[in-house]
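Just so we're aligned, residue 291 is where the sequence shown starts under our numbering, counting upward by one. Think of the CB as a built atom: it goes at the ideal place given N, C-alpha and C, for glycine as much as any other residue.
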Amino acid sequence: MGLFIKYFLLLIFLAFMYTCSLFIFAKGFLLKRVVVDQNSSCVVDFSLSTDHHGQQGCWMHSRYNKAIIVVIDALRFDFMKYDNTLEKDIPYKNKLPIIKTLLQNKPTQSKLYKFIADPPTTTFQRLKGLTTGSLPTFVDAGANFASSEIKEDNVIDQLVKQGKVIKFLGDDTWLSLFPGRFQKAYPFPSFNVKDLHTVDDGILKHLYGQLNKKDWTVTIAHFLGVDHCGHRYGPDHPAMADKLTQMNGVISNITSRMKDDTILFVMGDHGMTSTGDHGGDSHDELEAGLFIYSPAQITSPSTSSKMDVHETIAQTDFVPTLALLMGVPIPFSNLGQIITDLFNHCPWWETSTSKLKQAFHAVKAMRLNAIQISLYLQAYAQVSTDFPIKKYYELDSMLTKAEQNLQALVTAMVKSGENQHMVRQLEELQQVYNSYTSQVKTICQGIWAKFDLVSITIGIMSLIVTILINLYFVQLSFWKKFEVPSTVIVVILFCLVYMVYAGFHCFFVGETLSSFMVFLLGIINIVVLIIVNIKFSPKTPKLISDLMVNEKKEKTFPWMTFTCNAIVCLICFLSFFSNSFVVYEDTILLFLTQTLVVINSIKVISQTLKKYDTGPTDAKQKHKKQKPFDIMLILTHPCMITIAITAVICVCLRLSMNFKACREEQHTCELSLFLRPLSGLIDDLEHLRNLRYFFSVGCLVLTVFLTRRLLFRFGNLNGLSGSVVCVRYLLPVSTCCCGLHWALYALPQKVLDSLPVWQQTFLPKSVHILSVISLVIVFIKPLTIHLIRRNKNSIIANKDGNIIPQLYNKVKQNLHQQEEQPPMVYGLATVFTASVICLAAVVTVLLSMLLGDGVAPSMFLLTLTMYFSLELYTAYVITATRDVQDATWDLISAVVFHTVLSSFYFYTTGHQATVPAIRFEAAFVGFHGDFQYYALPAALIYLNTFAAHVLLGVLAPLWVFWPMVKSTFTALMTNTEVDRTSKGDFALFEDEELLKKRMFQLFTCLTLFSGIKVLGAVCAAGIHRRHLMVWKIFAPRFVFEAVSCFSVLGMCLLMFLFVVRINQTLASWVKVLEPKQNQD
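Given below as structure tokens:
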């Protein structure tokens, strides 16, 4: 076991190096913006404490005494806008008629705006923007479900400081963002996206009673039903119509209770896509709506809403608007602009009869807004050098000049009175202030996220060092000696010192110390590792150019294999640098995967024709022995079988594209019917519901059936060992529970919600429990072999020829008493292969349930693709070598294909490398309600997102074991007979050193290719950090590729341990068997 431990430690070291490198890069690339730790004060020198009219307030008089803020999560603008041209009923259209009625009947008391959110459109970031007026950064998206307190100056804190009483009802995210700020709160759990009613009904239970009281200044109600309905069914579903109708009643009831001193804001924090998701920056996700109403006049008649024309404002504009309307200071870090329409009317100053007073009142508010932003820029410039100094002085000069012009105009107004010329001057000042705030926001959007170039560069350098180490380990794995040279320790220590120093510098020292030594150590490491990888003495491991040379057969370098794999690696690396390649990566991966399949097929056919061409060479003999044409000879020819299997693999790959998700940039892509909720197939699509359900269940059942059939043919379903019991009994039960769970969730939403919670979660929980039990049993008792002792006078016949009797020679040689009839052992030739297949079968059922019924057929296609690819690979190994056990296999080709296949099936299991494509509903498969800890839902979401990487990671060891099995299709492709007496993969147990070497070869090659891919993603993100599409394309692609790299590393470690466990258990079985044989 010494070599096993050494190899495992080397894999752990690789995982450590990759992890540190990626975290160092992420620390520099996904750095949060610089936060200015200052708060606005009520007492300032640029504003009077009172206006001598209206209610007293800070900076400006308080226009309203009370405010009601209703946040309807994911309320898209077209949900609010009334469409008079609508001919067909659409669930999300015209379901809020109260808004239309108020706009039509009370145009000066109501306004509707298109409310544009800043991406990414996650709830946490939107609430942060709606309260601080600041802009988000990409890294904030990770805090969406683990929200932390907002300590930056915000409008909630400003209201509390001025003695305003705030009440809150709804999404409990607010309480984690603003703990202790609300005098009364009714929070409800927000994470369960399948629960459409708990939060909304809880709010309505208390809302109206609280509004009728007089002990509040601001009441906030955050409804989640619309958002959850979108996640569960999408917007085009009858449940959405019900939720919007409910919200229409809420708005109607609130407006009927309001008084003149109260203002109502009804808003969406973001929109939703056609599938009900959000998090990205598509138009549907960014375009929320904002409706403002008060029983008293809120705007002048000249700016009142027209039914078909609605202005567009940013969500950050809500912050300064609310602050000034309520008479509190604007938060210090705000970059939003006031909504001018709400400041051109003042009931105490007769603005309705004077355009000059209307304009002056609006300019006064805009000036306060501009000065607040100017103060923020001054403070920001002291803590960061990002803001262009030249542009800063230009903007400062613009504001100074505007202040001078306003002062002169006020003086002229006092001396000369009103005239039309002054109105034009005020309108020009409005444009100047508006231009100032707009330019500042635009510049800040460009430089808001401060990139740490030192950490980015060190991260890339560290990743290159790690890949060179990985390459060195690959060469060690192909060394003919079964040992780890002592020079490896020197290399590891040298690289470990560098990585620890680099990590300490980036995370703890930062800019306080020069990074020269880190770069020097990194460059030295790279140079040394390049030399180590290229130059070796004859006594050391082989050169990299020898890796793919067959030890037994091939004497020349396989240029075709090397060139094809090198081109695929290069394409995968370079594709990250092009936004169009990233957008259409699913199609590119389809092309690459099919290309690799065809190349492997050509290699098999070429080797088959060379090795098994038995046609006559003598012309006379050929003339004498001419045979009649026989179509069956052609159809059963090994080359035709190879072509047929290649066609099957390509068809499976092509069919898998029906399960891919669409991203916004793929304009010609249409949403697959398989990705819609089963209960969402209504109206014209209702006839497809049962068809899709039975098709999905059939694919899952067929996957389990074929797996059991394969194990039965191998002879690994005999006896009652732990793994056999799991596959024979627990696996079918899990499959049935999964199918019934899908049927249950196909029920109408009202029927499903009427069921008790335990009935909704019983079936998927059963699958979870059975899967965990099966995984534990398979790991503890992985063997699927069955021993039958035979008497000397009796012979147990092989009834159907499918069960392979294995003569256990090693035991026989150790027997003190020689037996004429050795014991019969079923499944010994496939002991390693069968254990891996059992584990994969359990994982497949679990992943299929998490992915949902729509994507389950893709898992079936993945399984078929992997099976026939293994057959094709085995056929090449057999035809290209004399002895499978001693051959240096074409393992690198297999690894390249395996990694590309993992990436391809990531897309064809309903995912995309975008935030909106994350299937958060997977966290609630088998669970109902909120989670106290987020580890479990995070694990379920991860398994859903990276299901292909997990399943193919489990199947990865089969690239080593399968060529030794030599199954039926391989025999047909190679024109050989299936050897029923072959030792199979049990030969690796007899040669334990070879088993260790093969496993280490496989896993180091997998981590190497994954490292090359993630290096491409890292370099592309670093180079394109100022690209227009960086946060939409390059940053998410880096994050997803980094997580997939972690998945590969994790699966390699787990499967290495699993293979070690099989070997240990098999060794224990042999030791127990030997004494019994001696006793017999």
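Review point. From valine 540 to lysine 533, what distance separates their C-alpha atoms?
Key: Lysine 533 has its alpha-carbon roughly 11 Å from the corresponding atom of valine 540.
ask   = Nearest to leucine 299 by alpha carbon, out of Ser706, Leu1344, Leu497, Leu1363?
value = With distances taken between Cα atoms, leucine 299 lies closest to Leu1344.
query: How about phenylalanine 306 and valine 1350: are their beta carbons less than 7 Å apart?
result: Contact flag unset, no.
Provide the residue span of the alpha helix (DSSP H) that contains aspartate 1043, from first to last.
Aspartate 1043 -> alpha helix (DSSP H) spans 1039 to 1044.
Simplified DSSP assignment, three categories, for aspartate 491: When secondary structure is reduced to three states using DSSP, aspartate 491 falls in the helix class.
Classify histidine 1031 as helix, strand or coil using the three-state DSSP reduction.
In this structure, histidine 1031 counts as helix in the three-state DSSP scheme.
Should serine 805 and valine 872 be called a contact, given that it needs their Cβ atoms to be closer than 7 Å? Contact: no.
Notebook entry, point to check: Whole-angstrom Cβ separation of serine 1300 and threonine 1189, contact assumed at under 8 Å?
Noted result: Indeed they touch by this definition, with Cβ atoms about 6 Å apart.
Self-check item: Pair within 7 Å by beta-carbon distance, leucine 459 and isoleucine 406
Solution: Taking 7 Å as the cut-off, the beta carbon of leucine 459 is found no closer than this to the beta carbon of isoleucine 406.
Assign lysine 549 to one of two classes, buried (16 or more other C-beta atoms within 10 Å of its C-beta) or exposed (fewer than that). With fewer than 16 other Cβ atoms within 10 Å, it is exposed.
Nearest to cysteine 1309 (by Cα), restricted to the options Ala604, Cys862, His635, Phe1210: Minimum Cα distance to cysteine 1309 is reached at Cys862.
For isoleucine 924 and aspartate 567, what's the separation of their Cα atoms in angstroms?
Their Cα atoms are separated by approximately 53 Å.
Quick check on the DSSP output: the alpha helix (DSSP H) that includes tyrosine 476 runs from which residue to which?
That residue, tyrosine 476, is in no alpha helix (DSSP H); its beta strand (DSSP E) goes 474 to 478.
For histidine 1076, write down the residues that DSSP places opposite it in a beta bridge. Answer by DSSP bridge pairing, in chain order: Tyr1116.
| query | Over what stretch of residues does the beta strand (DSSP E) that includes glycine 1312 continue unbroken? | reply | Taken as a continuous stretch (DSSP letters only), glycine 1312 belongs to no beta strand (DSSP E), being part of the alpha helix (DSSP H) at 1282 to 1313.
**Study point:** Helix, strand or coil at leucine 556 [DSSP, three-state]
**Key:** The displayed chain sequence assigns valine, not leucine, to residue 556. Strand.
- request: Pick helix, strand or coil for arginine 366, following the three-state DSSP scheme.
  value: Secondary structure of arginine 366 (DSSP, three-state): strand.
- Query: With 16 other CB atoms within 10 Å as the buried threshold, where does isoleucine 629 fall?
  - Reply: Around the beta carbon of isoleucine 629, a 10 Å sphere encloses 16 or more other beta carbons of the protein chains shown; the residue is thus reported as buried.
As a quick exercise: from Thr690, Tyr666, Thr565, pick the residue whose alpha carbon is nearest that of valine 325. Valine 325 has its Cα closest to that of Tyr666, out of Thr690, Tyr666, Thr565.
- Taking Cβ to Cβ, would you say glycine 1117 is nearer than 7 Å to phenylalanine 1004? In this structure, phenylalanine 1004 lies closer than 7 Å to glycine 1117 by Cβ.
Which same chain residues end up closer than 8 Å to lysine 829 when comparing Cβ atoms and leaving out the 5 residues on each side of it in sequence? With a pLDDT of 44 at lysine 829, under the threshold of 50, the predicted position of this residue should be treated as unreliable, though the coordinate-derived value follows. Taken in chain order, the list of residues that qualify is empty.
inquiry  = On the DSSP letters alone, give me the boundaries of the alpha helix (DSSP H) that lysine 317 sits inside.
reply    = Bounds of the alpha helix (DSSP H) holding lysine 317 are 292 to 319.
Apply the 10 Å Cβ neighbour rule to isoleucine 663 and answer buried if 16 or more other Cβ atoms are within range, or exposed otherwise.
So isoleucine 663 ends up on the buried side.
_Beta-carbon proximity check, isoleucine 746 vs glycine 318, cutoff 7 Å_ = Against a cut-off of 7 Å, the Cβ pair of glycine 318 and isoleucine 746 comes out as a contact.
According to DSSP, simplified to helix, strand and coil, what is tyrosine 682?
DSSP places tyrosine 682 in the helix class (H, G or I) of the three-state scheme.
Discussion item. Between Thr926, Ser1159, Pro1054, Cys1128, which has its C-alpha nearest threonine 1074's C-alpha?
Written reply: Cα-wise, what sits closest to threonine 1074 is Cys1128.
### Query
Since lysine 404 sits in a beta bridge, which residues does DSSP pair it with?
Note: lysine 404 sits in a beta bridge opposite Gly579, Thr602.
Please report the distance separating the alpha-carbon of valine 764 from that of proline 1072.
Cα to Cα, the separation comes out at about 28 Å.
Q: Within its chain, find whatever has a CB closer than 6 Å to the CB of aspartate 1180; leave out the 5 residues flanking it on each side and keep chain order.
A: Taking C-beta separations shorter than 6 Å and ignoring five residues to either side along the sequence, aspartate 1180 has no partners in its chain.
Contact between the stretch 505 to 522 and the stretch 452 to 466 is defined here as three or more beta-carbon pairs at a separation below 8 Å; is this criterion met? The stretch 505 to 522 vs the stretch 452 to 466: in contact.
Checklist line | At least three beta-carbon pairs within less than 8 Å, the stretch 937 to 948 to the stretch 1138 to 1155 | finding: Judged by Cβ distances under 8 Å, the stretch 937 to 948 makes contact with the stretch 1138 to 1155, as three or more pairs qualify.
Looking at the structure shown, is valine 618 part of a helix, part of a strand, or coil, going by DSSP? Reduced to three states, the DSSP call for valine 618 is coil.
| query | Is the stretch 352 to 359 touching the stretch 546 to 563 in the sense that three or more CB pairs, one from each, lie closer than 8 Å? | reply | Segments in contact, yes.
Compute the Euclidean distance between the alpha carbons of tyrosine 791 and asparagine 1234, then round it to the nearest angstrom. Their Cα atoms are separated by approximately 36 Å.
Quick test of your reading: proline 619 and serine 330, contact by CB under 8 Å. State the CB separation rounded to the nearest angstrom.
With a Cβ gap of about 4 Å, proline 619 and serine 330 count as contacting.
### Message
What does the Cβ neighbour count give for glutamine 694, buried or exposed, with the cut at 16 atoms within 10 Å?
### Response
Under this definition glutamine 694 is an exposed residue.
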